[in-house]
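Here's what the structure looks like:
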């Protein structure tokens, strides 16, 4: 593929949702037209992301400079296997959420601007994955934040406004810390381009400003991703949103924070040999444990799942704490598996609500008899989240824990195993209460679940099953992505040389 | 001079953190806007504060003069001001709406999100 085509392809995951957001905003009053634009936009985005992934797997890291300014001065977009993979998963998840939304979104929510905000969020997420410039990462974070706040408050209930306030204040605080970290880093190095930073920093003297900057990055991304002492905003706000919105948030937003942490701490700051590594290990242990303990006390499906987001973030952090190539690969595998499974569980929570009329598992029941297909579809992501073989979560957990044992961090592996057990406990709580036991209320036969809901849940479950039964392609992909993160030379070369990587590989 | 500047930023950020920790939502929002002002000043300081010429390329030349100011921090601050302002405006609108629906902006009395699906209150646990 020519240089021009490659550059265009790199822009498409941003341009398509941006155009879709604009058109759906123009068609504010026409619901049907909005849905058509949304469907076309999501299909095009999925196609473009898949093409981009293919291009990166075939041709190596790709980069594009804006306005033909050479690398350290211009704003760059860079895509390596990790970011391309994330863009693809984002598109798949957005597609599933939109299909589910056909049956679930209320007229009022669409009239309040669901589609423009949804596509705006996707622009922010894809932008954060694709940017090669650390200041632009901040800008994309803010795009995500403002659209996410709009999405939470779609229904304008009191709980949603309250949840949005918690979300807003802590996330604003985190982006401010992130911006401070950028300011300090810029003061020391004089550059904002991530590839340039990776080149300049190893030659820079270690200084107090750099240490403070690294810590500020850790705390800033930590709030975004829901690390241990900083996660309390997450279960206090995610469950208030409409269930489609919760599913998208659960799948994507914390993972963008994690992605940024992985980028910054592999490309820019070395985790090896600094105190950061031990700190991340302790934070990961705390994140896993406190998330799962929080989940164990809850009975509302959405709150159980919100706390589980936190505990699963801990597993992915283990990858960063160990930061061997195998651990990175395990973390990347885990992220992909977790986005699919977690979003699917939230969609299932919506289906349980539809069938039994409540999110509280104590008051639900009888779904096993009334909606057997829903029960089967619930088992797949639930067992996968808990890490039961042969589901995808087993492979993800196996890879992560294997990496901890190989790197003499067996205590982390032991905590991870224990947390897996408690995860199984939470999932069986939902299963026993909502599906197995007899319905406690007057409603004995559950309502039918609409077809689009089952389609979305079934589609994500099918992806989970595919990963479960044939994990090799994804493992190979994660290995490749981890290798390209461990060795930033091709990344730097792609940013500075623009086309070299293509020219080298293409015959 | 840099020390005075740094102390001033520390004072602004400290005041911002103090306000963010308070219970009144309006004070929290003011604290956030002070924090973002402090951060903008930090970016400015990071770019180096000196007596310099305006960063304008003169006619007939295609480079900045050596003693001109670094334009990049100013571009960054402009972006950060716009974004920060939008978010503060949104938060203020959110606080207004909170006051309209709940009649209070005291965070001790804002418990709607916690009550929704709380395991401790069987009555409160339902519906979105």
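Residue numbers (the working numbering), protein chains in the order written: chain A, 260 to 766; chain B, 11 to 138.
Ideal Cβ placement from N, Cα and C applies to all residues, glycine included.
1) Of the residues that make up the stretch 111–135 of chain B, which ones have a beta carbon closer than 7 Å to any beta carbon in chain A?
2) Please name the residue in B:27, B:58, B:54 whose C-alpha comes closest to that of residue 44 (chain B).
3) So residue 410 (chain A) and residue 500 (chain A) are supposed to be a Cβ contact under 8 Å. How far apart are they, rounded?
4) Buried or exposed: which applies to residue 42 (chain B), given that a residue is buried once 16 or more other Cβ atoms fall within 10 Å of its Cβ?
5) Cβ of residue 509 (chain A) within 8 Å of Cβ of residue 518 (chain A)?
6) So with Cβ pairs under 8 Å, would you call residue 76 (chain B) a contact of chain A?
7) Please list the residues of the stretch 439–458 of chain A that have a C-beta atom closer than 9 Å to any C-beta atom in chain B, keeping them in chain order.
8) Along the stretch 418–435 of chain A, what residues have a CB closer than 7 Å to any CB found in chain B?
9) Considering only the beta carbon of each residue, do residue 438 (chain A) and residue 56 (chain B) sit closer than 8 Å?
10) Here's the rule I'm using: 16 or more other beta-carbon atoms within 10 Å means buried, otherwise exposed. How should residue 664 (chain A) be labelled?
11) List, in order along the chain, the chain A residues whose C-beta lies closer than 9 Å to that of residue 53 (chain B)?
12) Report the option in B:109, B:32, B:93 whose CA atom is closest to the CA atom of residue 403 (chain A).
13) Here's a check: name, in chain order, each residue in its chain whose Cβ is nearer than 8 Å to the Cβ of residue 369 (chain A), leaving out the five neighbours to either side.
14) Consider the Cβ of residue 274 (chain A): report whether some Cβ of chain B lies at a distance smaller than 8 Å.
15) Pop quiz: residue 540 (chain A) and residue 669 (chain A) are said to be a contact at Cβ under 8 Å. What is the actual Cβ separation, rounded to whole angstroms?
16) Taking contact to mean at least 3 C-beta pairs separated by less than 8 Å, is the stretch 94–104 of chain B in contact with the stretch 468–488 of chain A?
17) Flag residue 593 (chain A) as yes if its beta-carbon sits less than 8 Å from any beta-carbon of chain B, otherwise no.
18) Report buried or exposed for residue 763 (chain A), applying the criterion of at least 16 other Cβ atoms within 10 angstroms of its Cβ.
19) Using a Cβ-Cβ cut-off of 8 Å (strictly less than) and excluding sequence neighbours within five positions of residue 747 (chain A), which residues of its own chain qualify?
20) Residue 359 (chain A) to residue 298 (chain A), Cα distance in whole Å?
21) Determine the DSSP secondary structure at residue 338 (chain A), reduced to helix, strand or coil.
22) Of the residues A:377, A:398, A:624, A:288, which one's Cα is nearest the Cα of residue 334 (chain A)?
23) Taking the straight line between their C-alpha atoms, what separation do you get for residue 765 (chain A) and residue 423 (chain A)?
24) Taking CB distances under 8 Å as the criterion, tell me whether residue 320 (chain A) reaches chain B.
25) Mapping DSSP to helix, strand and coil, what is residue 746 (chain A)?
26) Output yes or no for whether 8 Å exceeds the beta carbon distance between residue 561 (chain A) and residue 618 (chain A).
27) Can you tell me which residues form a DSSP beta bridge with residue 78 (chain B)?
28) Using 8 Å as the limit for Cβ to Cβ distance, is residue 138 (chain B) near chain A?
29) What residues from the stretch 364–377 of chain A come within 8 Å of chain B, judged by C-beta to C-beta, listed N to C?
30) What does DSSP give as the partner residues of residue 322 (chain A) in its beta bridges?
31) Which two residues bound the contiguous alpha helix (DSSP H) that contains residue 223 (chain A)?
32) Got a sec: which bits of the stretch 88–107 of chain B sit with their beta carbon under 9 Å from any beta carbon on chain A, in order along the chain?
33) Inspect the CB distances between the stretch 622–641 of chain A and the stretch 566–582 of chain A and report whether three or more fall short of 8 Å.
34) Give a yes or no on whether the minimum CB-CB distance between residue 49 (chain B) and chain A is below 8 Å.
35) So is residue 408 (chain A) in contact with chain B if we call contact Cβ pairs under 8 Å?
36) What are the residues in the stretch 536–557 of chain A lying within 7 Å of chain B by C-beta distance?
Well, looking at it:
1) 111, 112, 120, 122, 123, 124, 126, 127, 129, 135
2) Numbered from 1 along the second chain, position 34 holds the residue referred to as residue 44 (chain B). Nearest C-alpha to residue 44 (chain B): B:27.
3) Residue numbering aside, residue 410 (chain A) sits at position 151 when the first chain is read from its first letter. Residue numbering aside, residue 500 (chain A) sits at position 241 when the first chain is read from its first letter. So it is a contact: roughly 7 Å between Cβ atoms.
4) Numbered from 1 along the second chain, position 32 holds the residue referred to as residue 42 (chain B). Its Cβ being crowded by 16 or more others within 10 Å, residue 42 (chain B) is buried.
5) Here residue 509 (chain A) refers to the residue found at position 250 when the first chain is read from its first residue. Here residue 518 (chain A) refers to the residue found at position 259 when the first chain is read from its first residue. Taking 8 Å as the Cβ cut-off, residue 509 (chain A) and residue 518 (chain A) do not qualify as a contacting pair.
6) If you number the second chain from 1, residue 76 (chain B) lands on position 66. Answer no: the Cβ-Cβ gap between residue 76 (chain B) and chain A never drops below 8 Å.
7) 439, 441, 442, 443, 444, 445, 446, 447, 449, 451
8) 418, 420, 421, 422, 423, 424, 425, 427, 428, 431, 432, 435
9) The residue you call residue 438 (chain A) lines up with position 179 of the first chain. The residue you call residue 56 (chain B) lines up with position 46 of the second chain. Cβ atoms of residue 438 (chain A) and residue 56 (chain B): not closer than 8 Å.
10) Here residue 664 (chain A) refers to the residue found at position 405 of the first chain. Exposed, because fewer than 16 other Cβ atoms sit within 10 Å of the Cβ of residue 664 (chain A).
11) Position 43 of the second chain, counted from the start, is the residue given in the question as residue 53 (chain B). In chain order: 438, 439, 441, 442, 445, 446.
12) Along the first chain, one-based indexing puts residue 403 (chain A) at 144. With distances taken between Cα atoms, residue 403 (chain A) lies closest to B:93.
13) Mapped onto the first chain, residue 369 (chain A) falls at position 110. Taken in chain order, the residues that qualify are 290, 293.
14) By one-based count along the first chain, residue 274 (chain A) stands at place 15. For residue 274 (chain A), the answer is no, since every Cβ of chain B falls outside 8 Å of its Cβ.
15) By 1-based counting over the first chain, the position of residue 540 (chain A) is 281. By 1-based counting over the first chain, the position of residue 669 (chain A) is 410. Going by Cβ atoms, the distance from residue 540 (chain A) to residue 669 (chain A) rounds to 12 Å, so no, they are not a contact pair.
16) no
17) Working through the first chain from its first residue, we reach residue 593 (chain A) at position 334. No, its Cβ sits nowhere closer than 8 Å to a Cβ of chain B.
18) Counting from one through the first chain, the residue named residue 763 (chain A) turns up at place 504. Note that residue 763 (chain A) has pLDDT 42, beneath the 50 cutoff, so the model's placement of it is unreliable and the number below is only indicative. The residue in question, residue 763 (chain A), is exposed, as its Cβ has fewer than 16 Cβ neighbours within 10 Å.
19) By one-based count along the first chain, residue 747 (chain A) stands at place 488. The residues are 454, 457, 525, 526.
20) Position 100 of the first chain, counting from 1, holds the residue named residue 359 (chain A). Position 39 of the first chain, counting from 1, holds the residue named residue 298 (chain A). About 12 Å.
21) Translated into positions along the first chain, residue 338 (chain A) becomes position 79. Of the three classes helix, strand and coil, the one that applies to residue 338 (chain A) here is strand, per DSSP.
22) Along the first chain, one-based indexing puts residue 334 (chain A) at 75. Selected option, being the one with the closest Cα: A:398.
23) What you label residue 765 (chain A) is simply residue 506 of the first chain in a count that begins at 1. What you label residue 423 (chain A) is simply residue 164 of the first chain in a count that begins at 1. With a pLDDT of 37 at residue 765 (chain A), under the threshold of 50, the modelled position of this residue cannot be trusted; read the value that follows with caution. Their Cα atoms are separated by approximately 49 Å.
24) As a position in the first chain, residue 320 (chain A) is number 61, starting the count at 1. No, its Cβ sits nowhere closer than 8 Å to a Cβ of chain B.
25) Counting from one through the first chain, the residue named residue 746 (chain A) turns up at place 487. Reduced to three states, the DSSP call for residue 746 (chain A) is coil.
26) Translated into the one-based positions of the first chain, residue 561 (chain A) becomes position 302. Translated into the one-based positions of the first chain, residue 618 (chain A) becomes position 359. Yes, Cβ-Cβ distance for residue 561 (chain A) and residue 618 (chain A) is below 8 Å.
27) Here residue 78 (chain B) refers to the residue found at position 68 when the second chain is read from its first residue. Paired residue(s): B:63.
28) What you label residue 138 (chain B) is simply residue 128 of the second chain in a count that begins at 1. In this prediction, residue 138 (chain B) has a pLDDT of 44, which is less than 50 and means its spatial position is unreliable; nothing more can be read from the coordinates.
29) none
30) In the first chain, residue 322 (chain A) corresponds to position 63, counting from 1. Residue 322 (chain A) pairs with A:337.
31) The structure shown has nothing for residue 223 (chain A), since chain A only spans 260 to 766.
32) 89, 90, 93, 94, 96, 97, 98, 100, 101, 104, 105, 107
33) no
34) Within the second chain, residue 49 (chain B) is the residue found at index 39, counting from 1. Closer than 8 Å to some Cβ of chain A, the Cβ of residue 49 (chain B) qualifies, so yes.
35) Within the first chain, the letter at position 149 stands for residue 408 (chain A). Interface residue, yes.
36) 556, 557
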